[in-house]
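Novice: With the first letter of the sequence shown counted as 1, position 24 gets the number 717 in our numbering; the numbers rise by one all the way through.
C-beta atoms are modelled at their ideal positions from N, C-alpha and C, and glycine is treated no differently.
Can you read through this structure? Questions will come right after.
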Amino acid sequence: MSVKSIVAKILRDELTSMGIRSLTIQESERIAAHIFERITDLELELAARDLASASRHRD
């Protein structure tokens, strides 16, 4: 089972525990994939900021 599938299952379980039962497996997997894309984008943005900050401190 992939990490994205695990996150999708956790998402479905959490929503079910809150009384939300209308999310399909495909929808939850699509949301999980989107979450991972956003995390990757955020990691890249933070790495770029760190690099820029380190560059400024060396000057």
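1) Are there 16 or more other CB atoms within 10 angstroms of the CB of residue 695, so buried, or fewer, so exposed?
2) Give the range of the alpha helix (DSSP H) segment to which residue 713 is assigned.
3) State buried or exposed for residue 742, treating a residue as buried only when at least 16 other CB atoms are found within 10 Å of its CB.
4) Straight-line CA distance for residue 702 to residue 751?
5) Please classify residue 721 as buried or exposed, where buried requires at least 16 neighbouring CB atoms within 10 angstroms.
Specialist: Based on what the coordinates show:
1) The count along the sequence shown starts at 1 and reaches residue 695 at position 2. The residue in question, residue 695, is exposed, as its Cβ has fewer than 16 Cβ neighbours within 10 Å.
2) Translated into the one-based positions of the sequence shown, residue 713 becomes position 20. Neither: residue 713 is in no alpha helix (DSSP H) and is coded neither H nor E.
3) Walking along the sequence shown from the start, residue 742 turns up at place 49. So residue 742 ends up on the exposed side.
4) As a first step, residue 702 must be located in the sequence shown, where it is residue number 9. As a first step, residue 751 must be located in the sequence shown, where it is residue number 58. Looking at the two C-alpha atoms, the distance is approximately 46 Å.
5) Position 28 of the sequence shown holds residue 721. Per the 10 Å Cβ criterion, buried.
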